[in-house]
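Peer 1: Before I ask anything, let me first share the structure, which is written out below as structure tokens.
Protein chains in written order, with the numbering used here: chain A, 456 to 668; chain B, 31 to 1041.
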């Protein structure tokens, strides 16, 4: 390589650096803008695991078509998670309640809520929306909160049956007025449990091909 | 390269800094995961479905007339995989490539979305109400004019309830019975069987025979029910010492012929003379003269046939004297006492009863041409493609005032029609089949219809309701109810049968029409036609009658014999090619008085010197993006002529004039070399030497490629052994992790392995398609997928010409001998990732994306892979495949699953992205699923509880998969077979987990061993 050619690299690299700097500034600005423009996504609380990373949407709490109150169903009414997420202990997929599951109760528990527990009588906006969907025979388009990439296979039933509580990964859903992503769901966070670094010490196979195929 | 950093323009460190900044920025842009994904719940959860768990519906395959039982694997309302039904008496769990590809017909992107009506010369979308009203009105007009008797209904042949139902419906409207057309049927054999045995198709017992002689009967391909025949043939060959020898007589060595121990190349049409000589009704010398085979060979064959008891003689091919040949063979079977031992007319296959001779279809087409036919209805057939161009079918159909097509696809025939009432795909339909007497194979939908189609039977029922006369006869609200009402045993029996997919009883068959065939155009004997070469046109073993051409899996599946895909070719004998200066790929022109075609030459040892051959199935002028303008149709060359006795169409009908065009078209082939070059990839042993294998094991260990028996039990990989401190024990690591056999995960106690019995493997390639279906492997050869090279742009198979095929398991075919023009041997080897214990690919991966799992799998972690391709470069088996393009990304031109092909994708398997290496991992998703299931039921995985997709589909049961470390698994026993060997292990020390069992050859009795 001649001396001259070597020097010719410099402008190229400078240009690359400039583009990189510009891009990074631009995305930073874009992200700021997005955060300002999108109040739908509110970061409410960080998970307790501390394994968050830039690529994880940990803490994301998207606005749902119906502000489904998990606390009312779980804490007040004492419903079990598996009543609605019925496949969590028997399938890789936890299961999403069918509209008929909701309406099983909400045909009786209608939008007009009487005064109860010191709260005045009111019309429930959520139940109104739900019954409207049901009347139109349309499903509720829930927004996904917990998302794993396609190349990860997460069998819910193996975890549930091993005694891992729903809250371990999903956080105190029973207290969440709007569900947010509690844990980072990053691989390090997964592996931490699989190798037994947590208390109580669960352990599971941590070979790549256990989850990635 | 030792440069002084001070002299270089940029210091390395600075360069890395800049590079790092760039990467970080890219990462920030690329990985923002604030994607909004919706979760849509069911309105009402269907019974017995659990999200993420497959349901299996037992049904019947309708890709050919055989009627094999299938299980439709369905999840979240979509059927994505077909597997053979293990309880079905016909196919016993196996399924061929065409059956596997049925899902690609279901989700075909070119299917009609709904009914179409021709308005102003153009087919336009319509509603079902409009379409049915139009047909109803036309039917009414036809009846009132008294012309209903002229109507023609062409239906794809099937057994079961529908044909009789259809005839009843036609009768109610005053129309004649339908024509039941099977383009693949060997009419000559059907007719001869009827004459000899009174049934269309007796069961054949290959296992009972000591000698099999096929006179052009391709029983592993399109002749008869290929899957059950293949199962039985493989079982017969697996008997090794007691296995039958197999001799194939014919002008072209087909896939079936390649499985024979001896091929006798005769002139087309001369098989009859040979059979007559063997029977004693003709002389050997005459036969030798007619066939071009030496009298000594024929005498040896005759002696062998007379000596072997029992034997099984089969006739096939479709020459002008086909029925005579089949009758002669039947008589010979009778004479030799084979009827009742290897030919079993008492256990017939009923699938082939009631097929209309092709001559009758041709007569109907002539009636159309003369303007007699007022209404034509076509279901499941494409006469404009399957009849030769000389029959001018399109022209005749155009003469019919009103043409209705029930086709689901825009094929050559439906494009001529005035009304399209698209039928459901069989996976969406109700029905039944009667493959065996007293056995009903149930057909039920696996899912709701993909498009706005309707099952033809339901359409007919609805039309009947509009006609006062027919309404009384057809009271059932739909065809399912009609089936239930007519099911032997009623509703309860029907429900019980659906669970298993098999019912008992017999359903009504259309009235037998065994009138003597009248043939208007008897075929001219082939020797009286003009030309330099005999032309053999055979149905493609993969594409069948051409109906498979719109399925990219089948287009991309290399022909089992020539290894060519996405292309048509002309087979030329090597000596002839030498004489004429033809090389593989030289474009040849074949000409007959009927027409001409041009295609590249494939120089082939397995064709008689004065014969050329072409496969039928490609060369569509319509039929969607995967079929249109792919290959050429040899039908253009054929004259219209029929066997006067059976009315079957004569395919081997003419001689052709061959000229070299002077241009060159590279063959779209997946083959590297057709010879083994002494590498011992496909090994074989003569049956006489089998005994030696067990006793002289030590010597065999020295053979290149032979198994090192010392490590066979458990197939312990050196890696695992190392972890336990067995090898290189000087360095003992404290923590061996999951590689320690006593690790709590017990992962290292397993060793997933596979045996492939080459004595069973026939090379049919069903495993390849099964693998595509299971593992979301993209097809890369569709014309629209090659977009980067000017001269290959839009060329079918363009990507494959560049070596970009993606078949994780491929069928390698090697030739042995035959260089001197004599007989040769074909050896088939399914080649897949060998899951080497000492894998060459693993240490070269810079990012640890491929590594050895403790349970013996050579894992490829797609999300770790950065696409250096070092692993592929270092793999001696060449079983790693690289995603050169974003085949899984809908926005890219190479997208392999255009709407709604993507519905077929297996939800358990990652769709790999651009720039990622991929390969077989022994269906790791099935391993994990079995482990999940076992854990859920609190038990260990049971021996042979599950298997891989290739092993599941294999119609020869050649592949056995399992845990070789556990003696209870079949694979552990199979791996210790005396015929076991590993490919390349002795040379490269790879310790593969795939064990091949040597093919067993059966040389002619008189010939010395090893010949």
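Note that the Cβ used here is the ideal one computed from N, Cα and C, for glycine as well.
Predicted, not measured: the structure shown is a model, and the values here were computed from it.
Taking 7 Å as the limit between beta carbons, can you name the residues of its chain near residue 81 (chain B), skipping five residues before and five after?
Peer 2: Taking the second chain and counting its residues from 1, the one referred to as residue 81 (chain B) is at position 51. If we look at residue 81 (chain B) and ignore the five residues flanking it on each side, its Cβ neighbours are 106.
Peer 1: Residue 657 (chain A) versus chain B: which residues are under 8 Å apart at the beta carbon?
Peer 2: The count along the first chain starts at 1 and reaches residue 657 (chain A) at position 202. Residues of chain B passing the Cβ test: none, with the nearest at roughly 12 Å.
Peer 1: Let me know the secondary structure DSSP gives residue 235 (chain B) once reduced to three states.
Peer 2: Counted from its first residue, the second chain places residue 235 (chain B) at position 205. Coil, per DSSP.
Peer 1: Write down every uninterrupted run of the beta strand (DSSP E) in the segment 345 to 395 of chain B whose length is 3 residues or greater and which is fully enclosed by it, in chain order.
Peer 2: 373 to 378
Peer 1: Kindly indicate which three-state DSSP category residue 75 (chain B) falls into: helix, strand or coil?
Peer 2: Within the second chain, residue 75 (chain B) is the residue found at index 45, counting from 1. Reduced to three states, the DSSP call for residue 75 (chain B) is coil.
Peer 1: Under DSSP, the alpha helix (DSSP H) around residue 317 (chain B) begins and ends at which residues?
Peer 2: To locate residue 317 (chain B), count along the second chain from 1; it is residue 287. It spans 314 to 321 - the alpha helix (DSSP H) in which residue 317 (chain B) sits, taken as one unbroken run.
Peer 1: Is the CB of residue 652 (chain A) under 9 Å away from at least one CB in chain B?
Peer 2: In the first chain, counting from the first residue as 1, residue 652 (chain A) sits at position 197. For residue 652 (chain A), the answer is no, since every Cβ of chain B falls outside 9 Å of its Cβ.
Peer 1: Among B:518, B:329 and B:486, which has the Cα closest to the Cα of residue 184 (chain B)?
Peer 2: For the purposes of this step, residue 184 (chain B) is taken as residue 154 along the second chain, with counting starting at 1. Per the Cα distances, B:486.
Peer 1: Leaving out the 5 sequence neighbours to the left and right, which residues in its chain are closer than 6 Å to residue 60 (chain B) when beta-carbon positions are compared?
Peer 2: Within the second chain, the letter at position 30 stands for residue 60 (chain B). The pLDDT assigned to residue 60 (chain B) is 38, lower than 50, so where the model puts this residue is not dependable; a value taken from the coordinates is nonetheless given after this. Within the same chain, residue 60 (chain B) has no close Cβ partners at all.
Peer 1: Would you identify the three-state DSSP class for residue 193 (chain B), choosing helix, strand or coil?
Peer 2: As a position in the second chain, residue 193 (chain B) is number 163, starting the count at 1. Residue 193 (chain B) sits in a helix when the DSSP states are folded into three classes.
Peer 1: Report the three-state DSSP secondary structure of residue 48 (chain B) (helix, strand or coil).
Peer 2: Looking up residue 48 (chain B) in the second chain gives position 18. For residue 48 (chain B), the pLDDT reaches just 40, beneath the cut-off of 50, and the residue's location in the model is therefore unreliable, leaving the point undetermined.
Peer 1: Taking all protein chains shown into account, decide if residue 286 (chain B) is buried (16 or more other Cβ within 10 angstroms of its Cβ) or exposed.
Peer 2: Residue numbering aside, residue 286 (chain B) sits at position 256 when the second chain is read from its first letter. So residue 286 (chain B) ends up on the buried side.
Peer 1: Name the residues in the segment 781 to 807 of chain B whose C-beta lies less than 9 Å from a C-beta of chain A; which are they?
Peer 2: none
Peer 1: Counting only runs that start and end within the segment 257 to 324 of chain B, where is the beta strand (DSSP E) found for 3 or more residues in a row?
Peer 2: 275 to 280 and 292 to 295
Peer 1: Using a cut-off of 8 Å between C-beta atoms, extract the partners of residue 887 (chain B) located in chain A.
Peer 2: In the second chain, counting from the first residue as 1, residue 887 (chain B) sits at position 857. By Cβ distance, chain A contributes 664.
Peer 1: Straight-line CA distance for residue 385 (chain B) to residue 210 (chain B)?
Peer 2: Residue numbering aside, residue 385 (chain B) sits at position 355 when the second chain is read from its first letter. Residue numbering aside, residue 210 (chain B) sits at position 180 when the second chain is read from its first letter. In a straight line, the C-alpha of residue 385 (chain B) is about 5 Å away from that of residue 210 (chain B).
Peer 1: Whose C-alpha, out of B:790, B:693 and B:546, is nearest the C-alpha of residue 673 (chain B)?
Peer 2: Position 643 of the second chain, counted from the first residue, corresponds to residue 673 (chain B). Among B:790, B:693 and B:546, the Cα nearest to that of residue 673 (chain B) belongs to B:546.
Peer 1: Which value, in whole angstroms, describes the spacing of the CA atoms of residue 142 (chain B) and residue 264 (chain B)?
Peer 2: Here residue 142 (chain B) is taken as the residue at index 112 of the second chain, counted from 1. Here residue 264 (chain B) is taken as the residue at index 234 of the second chain, counted from 1. Each residue's alpha carbon lies about 40 Å from the other.
Peer 1: Just the Cα atoms here: how many angstroms apart are residue 456 (chain B) and residue 193 (chain B)?
Peer 2: For this step, residue 456 (chain B) is matched to residue 426 along the second chain. For this step, residue 193 (chain B) is matched to residue 163 along the second chain. The straight-line gap from Cα to Cα measures roughly 15 Å.
Peer 1: With DSSP as the reference, identify every bridge partner of residue 621 (chain B), one or two as the case may be.
Peer 2: To locate residue 621 (chain B), count along the second chain from 1; it is residue 591. DSSP links residue 621 (chain B) through a beta bridge to B:626 and B:687.
Peer 1: Considering Cα atoms alone, identify which of B:782, B:1031, B:903 and B:508 is closest to residue 719 (chain B).
Peer 2: Start at 1 with the first residue of the second chain, and residue 719 (chain B) comes out as number 689. Comparing Cα positions, the closest option is B:1031.
Peer 1: Nearest to residue 113 (chain B) by alpha carbon, out of B:774, B:100, B:952 and B:200?
Peer 2: Position 83 of the second chain holds residue 113 (chain B). Among B:774, B:100, B:952 and B:200, the Cα nearest to that of residue 113 (chain B) is on B:100.
Peer 1: Identify the continuous alpha helix (DSSP H) that holds residue 217 (chain B) and give its terminal residues.
Peer 2: Residue numbering aside, residue 217 (chain B) sits at position 187 when the second chain is read from its first letter. Judged by DSSP secondary structure, residue 217 (chain B) falls within the alpha helix (DSSP H) whose first and last residues are 217 to 227.
Peer 1: So, does the CB of residue 74 (chain B) fall closer than 9 Å to a CB anywhere in chain A?
Peer 2: Indexing the second chain from 1 puts residue 74 (chain B) at position 44. For residue 74 (chain B), the answer is yes, since a Cβ of chain A falls inside 9 Å of its Cβ.
Peer 1: Nearest-angstrom Cα distance between residue 545 (chain A) and residue 191 (chain B)?
Peer 2: Within the first chain, residue 545 (chain A) is the residue found at index 90, counting from 1. Within the second chain, residue 191 (chain B) is the residue found at index 161, counting from 1. Roughly 40 Å between the two C-alpha positions.
Peer 1: Determine the burial state of residue 68 (chain B): buried for a count of at least 16 other Cβ atoms within 10 Å of its Cβ, exposed for fewer.
Peer 2: By 1-based counting over the second chain, the position of residue 68 (chain B) is 38. Residue 68 (chain B) is exposed by the Cβ-count criterion.
Peer 1: If you compare alpha carbons, which of A:523, A:524 and A:620 is closest to residue 655 (chain A)?
Peer 2: For the purposes of this step, residue 655 (chain A) is identified with residue 200 of the first chain, where counting begins at 1. With distances taken between Cα atoms, residue 655 (chain A) lies closest to A:620.
Peer 1: From this set, B:774, B:434 and B:396, which residue's C-alpha is nearest residue 884 (chain B)'s C-alpha?
Peer 2: Here residue 884 (chain B) refers to the residue found at position 854 of the second chain. Per the Cα distances, B:774.
Peer 1: Between residue 617 (chain A) and the rest of its own chain, which residues show a CB-CB distance below 8 Å, the 5 nearest in sequence each way excluded?
Peer 2: Start at 1 with the first residue of the first chain, and residue 617 (chain A) comes out as number 162. Correct list, in chain order: 657 and 659.
Peer 1: Please report the straight-line C-alpha distance between residue 864 (chain B) and residue 766 (chain B), rounded to a whole angstrom.
Peer 2: The count along the second chain starts at 1 and reaches residue 864 (chain B) at position 834. The count along the second chain starts at 1 and reaches residue 766 (chain B) at position 736. If you take the alpha carbons of residue 864 (chain B) and residue 766 (chain B), they lie about 24 Å apart.
Peer 1: Cβ of residue 840 (chain B) within 9 Å of Cβ of residue 798 (chain B)?
Peer 2: Indexing the second chain from 1 puts residue 840 (chain B) at position 810. Indexing the second chain from 1 puts residue 798 (chain B) at position 768. Cβ distance < 9 Å, so residue 840 (chain B) and residue 798 (chain B) count as in contact.
Peer 1: Using a Cβ-Cβ cutoff of 7 Å, what residues of the segment 77 to 89 of chain B are near chain A? List them in chain order.
Peer 2: 80, 81, 82 and 83
Peer 1: Determine whether the beta carbon atoms of residue 657 (chain B) and residue 585 (chain B) lie at a separation below 9 Å.
Peer 2: By one-based count along the second chain, residue 657 (chain B) stands at place 627. By one-based count along the second chain, residue 585 (chain B) stands at place 555. Contact: yes.
Peer 1: Residue 597 (chain A) by DSSP, collapsed to three states: which one?
Peer 2: Position 142 of the first chain, counted from the first residue, corresponds to residue 597 (chain A). Three-state result, residue 597 (chain A): strand.
Peer 1: Nearest to residue 627 (chain B) by alpha carbon, out of B:577, B:575, B:594 and B:567?
Peer 2: Here residue 627 (chain B) refers to the residue found at position 597 of the second chain. Checked all of B:577, B:575, B:594 and B:567; the closest Cα to residue 627 (chain B) is B:567.
Peer 1: So, for residue 663 (chain A): in the same chain, excluding its five sequence neighbours on each side, which residues have a beta-carbon less than 8 Å away from its beta-carbon?
Peer 2: Position 208 of the first chain holds residue 663 (chain A). Answer for residue 663 (chain A): no residue qualifies.
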